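I have placed the structure first, in the form of structure tokens, so that the comments after it can refer back to it.
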Amino acid sequence: MSEHKKIVLSITVNGEPRQDLINEDTMLLDYLREQLGLIGTKRGCNCSECGTCTVLLDGRTVYSCSTLAIQAEGKEVITIEGVSTPGELHPIQEAFVEAGAVHCGFCTPGFILSTKALLDRNHNPSKEEIKEALAGNLCRCTGYVQIVEAVQLAAQKLYGYTIKGGV
Amino acid sequence: MVFQVKRPTKLSDLWDVFTEYPEAYPIAGGTDILPRLNQGIEHHDVFVSLEGIQELRGISFKEDGSISIGALTKLVEITETPDLNIFKALNQACSKVASPQIRNQATIGGNVLQENRCVYFNQSVSWRRIEPCFKLGGDKCYQYTGSPKCVALFQSDVAPVLMSYGANAVWKGARKTRTVPLSSIYMEAGKKDKTPDEILAELIIPPFSGVLHSVYVRETIRRSFDFPLVSCALTLIEKDSTIDSACMVMGSAGVMPRIVPGVEDLLLGLKINDLGAKIEELRTMGSKEVFPFKDSRTDVVTRKNFAKALIKKAINSIINA
Numbered sequence: 234m235s236e237h238k239k240i241v242l243s244i245t246v247n248g249e250p251r252q253d254l255i256n257e258d259t260m261l262l263d264y265l266r267e268q269l270g271l272i273g274t275k276r277g278c279n280c281s282e283c284g285t286c287t288v289l290l291d292g293r294t295v296y297s298c299s300t301l302a303i304q305a306e307g308k309e310v311i312t313i314e315g316v317s318t319p320g321e322l323h324p325i326q327e328a329f330v331e332a333g334a335v336h337c338g339f340c341t342p343g344f345i346l347s348t349k350a351l352l353d354r355n356h357n358p359s360k361e362e363i364k365e366a367l368a369g370n371l372c373r374c375t376g377y378v379q380i381v382e383a384v385q386l387a388a389q390k391l392y393g394y395t396i397k398g399g400v
Numbered sequence: 007m008v009f010q011v012k013r014p015t016k017l018s019d020l021w022d023v024f025t026e027y028p029e030a031y032p033i034a035g036g037t038d039i040l041p042r043l044n045q046g047i048e049h050h051d052v053f054v055s056l057e058g059i060q061e062l063r064g065i066s067f068k069e070d071g072s073i074s075i076g077a078l079t080k081l082v083e084i085t086e087t088p089d090l091n092i093f094k095a096l097n098q099a100c101s102k103v104a105s106p107q108i109r110n111q112a113t114i115g116g117n118v119l120q121e122n123r124c125v126y127f128n129q130s131v132s133w134r135r136i137e138p139c140f141k142l143g144g145d146k147c148y149q150y151t152g153s154p155k156c157v158a159l160f161q162s163d164v165a166p167v168l169m170s171y172g173a174n175a176v177w178k179g180a181r182k183t184r185t186v187p188l189s190s191i192y193m194e195a196g197k198k199d200k201t202p203d204e205i206l207a208e209l210i211i212p213p214f215s216g217v218l219h220s221v222y223v224r225e226t227i228r229r230s231f232d233f234p235l236v237s238c239a240l241t242l243i244e245k246d247s248t249i250d251s252a253c254m255v256m257g258s259a260g261v262m263p264r265i266v267p268g269v270e271d272l273l274l275g276l277k278i279n280d281l282g283a284k285i286e287e288l289r290t291m292g293s294k295e296v297f298p299f300k301d302s303r304t305d306v307v308t309r310k311n312f313a314k315a316l317i318k319k320a321i322n323s324i325i326n327a
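Protein sequences appear in the order of chains C and Y. Start counting the first sequence at 234; every next residue gets the next number (my numbering). Start counting the second sequence at 7; every next residue gets the next number (my numbering).
Set out below in structure tokens:
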């Protein structure tokens, strides 16, 4: 067997309903990066360990490197490109910049999406809840302190909660 | 990497896929198999995605008091089902599996059927040696030199808990449905007692009368996003203020979870508050069931000591609940 079989994928990406012809063995990450050009979603380890490929699938974080595109059939995908409006940063992104949580930046899209998934459900998370929500994302630059602070700052910006236990 | 993915939407279509492609490999959440596929560790020409089969989904509470959890139920759904809160250990186990991204995608059926893991097998293909190990069809073990068979660890968090509840597994095939104790599906060398043309449909927690106490604890190198080095699930049923039923299961204890023999005999008729007097005996009994496995993460003695510490932690957690 050497031919890829083609199928039509019905999916909503960043709010836009789409139908695309894809190879049925395409991973969601490859579909987003190679076919749609949404290169904000990164390929890191390619085996569900680093979290740089994190996207939201129906509002929940998944590793797009280890998800078949057809597993997203009929569902809504949000990538980092869908978080902000053109020309303007999302409050979570602003918080990451202000807290110094972005160094090389390769892991940042994944962290932003994990943060969004957390804050959409829990407007006022504790430090422990933040750490647990971000457990599936690795950063080799910041040491995580600034990232946790950025999430607290984002909760403050979005929902007005004062930061628990100080930044 | 070229493969086909069949997508049946009902069980009857799944049986047709298995007839046409007997080697078709089932994918539920895909969080176990797809990383192995990406790493080049494993390849299958045909996969069958179970995602669309609604008959395999959902949690239902039966009239006889038993609870059925569809094999496709995602781990995150279990942690977010308030009616399951009574099964504290199940919630603890499902909340500790890997990372949020995995728990959002992984299913309970996939978790209890996950492949056994070892440091040699689960590394990048480029590090492989020429002569294959047992798991790759060869006749040697690089992880545990001299072993006559594969001793890769079964590291599920959820399986030991379900076994401590006495859960059953329901297998469905084209011709028959069979219900067996979950504990009976685990075989030597990481094999599972299933035929290629049947599928795990549901896991059933049997009814109980009395007060259920259950706890799941595990030891890991990292606090989150890690497989357990060793784990312990303890379930007690209290009736008329005394222990009426007890089961302790050691997880990551070898090629399969181990039910610790003799625990019920030791604890039957005791009051929960008197459990402390039995800690030493339980620690000895439990650590005996942990296979003397050493790898780059921990040695034999430390693994057994972790098991002892976990058993104490589990008992104290029930006493102090």
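A virtual CB, placed ideally from N, CA and C, is assigned to each residue, including glycine. Please read these numbers as outputs of a predicted model, since none were measured by experiment.
Roughly how many angstroms lie between the CA atoms of residue i and residue j, to the nearest whole one?
i	j	result
residue 239 of chain C	residue 257 of chain C	6 Å
residue 121 of chain Y	residue 295 of chain C	21 Å
residue 198 of chain Y	residue 191 of chain Y	5 Å
residue 20 of chain Y	residue 247 of chain Y	48 Å
residue 400 of chain C	residue 325 of chain C	Annotation note: pLDDT 49 at residue 400 of chain C (below 50); position unreliable, no value reported.
residue 290 of chain Y	residue 284 of chain Y	10 Å
residue 249 of chain Y	residue 101 of chain Y	27 Å
residue 288 of chain Y	residue 269 of chain Y	7 Å
residue 315 of chain C	residue 266 of chain C	14 Å
residue 310 of chain Y	residue 88 of chain Y	35 Å
residue 93 of chain Y	residue 257 of chain Y	18 Å
residue 248 of chain C	residue 311 of chain C	8 Å
residue 182 of chain Y	residue 211 of chain Y	21 Å
residue 294 of chain Y	residue 263 of chain Y	13 Å
residue 219 of chain Y	residue 243 of chain Y	6 Å
residue 387 of chain C	residue 230 of chain Y	23 Å
residue 330 of chain C	residue 358 of chain C	20 Å
residue 9 of chain Y	residue 373 of chain C	34 Å
residue 156 of chain Y	residue 195 of chain Y	5 Å
residue 261 of chain Y	residue 124 of chain Y	10 Å
residue 282 of chain Y	residue 176 of chain Y	37 Å
Confirm, please, whether the CB-CB distance from residue j to residue i is below 9 Å.
i	j	result
residue 113 of chain Y	residue 46 of chain Y	no
residue 390 of chain C	residue 321 of chain C	no
residue 323 of chain Y	residue 253 of chain Y	no
residue 275 of chain C	residue 344 of chain C	no
residue 108 of chain Y	residue 238 of chain Y	no
residue 209 of chain Y	residue 188 of chain Y	yes
residue 296 of chain Y	residue 255 of chain Y	no
residue 117 of chain Y	residue 163 of chain Y	yes
residue 384 of chain C	residue 341 of chain C	no
residue 350 of chain C	residue 269 of chain C	no
residue 40 of chain Y	residue 300 of chain C	yes
residue 285 of chain C	residue 371 of chain C	yes
residue 293 of chain C	residue 110 of chain Y	yes
Since residue i is in the beta strand (DSSP E), which residue starts that stretch and which ends it?
i	result
residue 177 of chain Y	174-179
residue 53 of chain Y	52-55
residue 76 of chain Y	73-76
residue 222 of chain Y	217-225
residue 241 of chain C	239-246
residue 209 of chain Y	204-211
residue 86 of chain Y	No beta strand (DSSP E) contains residue 86 of chain Y, which DSSP labels as neither H nor E.
residue 290 of chain C	287-290
residue 123 of chain Y	Premise fails: residue 123 of chain Y is in no beta strand (DSSP E) and is neither H nor E.
residue 309 of chain C	309-311
residue 153 of chain Y	Element bounds for residue 153 of chain Y: n/a, residue is neither H nor E.
Along the alpha helix (DSSP H) that carries residue i, what are the first and last residues, could you check?
i	result
residue 259 of chain Y	Careful: residue 259 of chain Y lies outside any alpha helix (DSSP H) and carries neither H nor E.
residue 237 of chain Y	Careful: residue 237 of chain Y lies outside any alpha helix (DSSP H), inside the beta strand (DSSP E) at 236-245.
residue 185 of chain Y	Unbroken run through residue 185 of chain Y is the beta strand (DSSP E), 183-187; no alpha helix (DSSP H).
residue 25 of chain Y	17-26
residue 342 of chain C	341-354
residue 170 of chain Y	164-170
residue 364 of chain C	360-366
residue 10 of chain Y	Segment 10-12 is the beta strand (DSSP E) holding residue 10 of chain Y; no alpha helix (DSSP H) there.
residue 323 of chain Y	306-325
residue 287 of chain Y	285-294
Look up residue i in the DSSP assignment and give the residues it is bridged to.
i	result
residue 32 of chain Y	Y:54
residue 198 of chain Y	Y:192
residue 278 of chain Y	Looking at the DSSP assignment, residue 278 of chain Y forms no beta bridge with any residue, so it has no partner.
residue 295 of chain C	C:288
residue 80 of chain Y	Y:113
residue 250 of chain C	C:245
residue 67 of chain Y	Y:73
residue 139 of chain Y	Y:146
residue 251 of chain Y	Y:243
| Should the segment 244-260 of chain C be regarded as contacting the segment 299-319 of chain C, the criterion being three or more beta carbon pairs within less than 8 Å? | Yes, since at least three Cβ pairs between the segment 244-260 of chain C and the segment 299-319 of chain C fall closer than 8 Å, the two stretches touch.
| request: Could you say if the segment 57-70 of chain Y and the segment 132-147 of chain Y meet the contact criterion of at least three C-beta pairs nearer than 8 Å? | output: Contact between the segment 57-70 of chain Y and the segment 132-147 of chain Y is absent, because fewer than three Cβ pairs lie under 8 Å.
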